[in-house]
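Asks: Let me give you the structure first, and then I'll get to my questions.
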Amino acid sequence: ALVTVDKPVLEETYYWRGLAKAALGDQTGAIEDLNRALTLNPNSTPAREELQRISP
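In this note's numbering, the protein residues as written are 181 to 236.
So, in structure tokens, the structure goes:
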């Protein structure tokens, strides 16, 4: 079955997964997920702030 997910839900999923990866020490994975969240919503302030916080 095909399931469609709204962009805001998908964006939030990547954001929270990015936070989880950062907390587990997977900085590369966290950056990838946060960038994906920003691709889906370039105006996502939380994703942008977290990305700035964890980026080298």
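We put the beta carbon where it would ideally sit given N, CA and C, even for glycine.
Since the structure is predicted, the reported quantities are computational estimates derived from the model, not experimental observations.
#1: Using 8 Å for Cβ pairs, my map puts leucine 220 next to glycine 198. What's the rounded Cβ distance?
#2: Give the single residue among Gly205, Leu218, Asp206, Gln207 whose Cα lies nearest to the Cα of threonine 193.
#3: Report all residues from its chain with a CB closer than 7 Å to the CB of proline 226; omit the five preceding and five following residues, and keep chain order.
#4: How many Å lie between leucine 231 and aspartate 206 at the Cα?
Replies: Here's the rundown:
#1: Actually they do not touch by this definition, with Cβ atoms about 12 Å apart.
#2: Leu218
#3: Tyr195
#4: 13 Å
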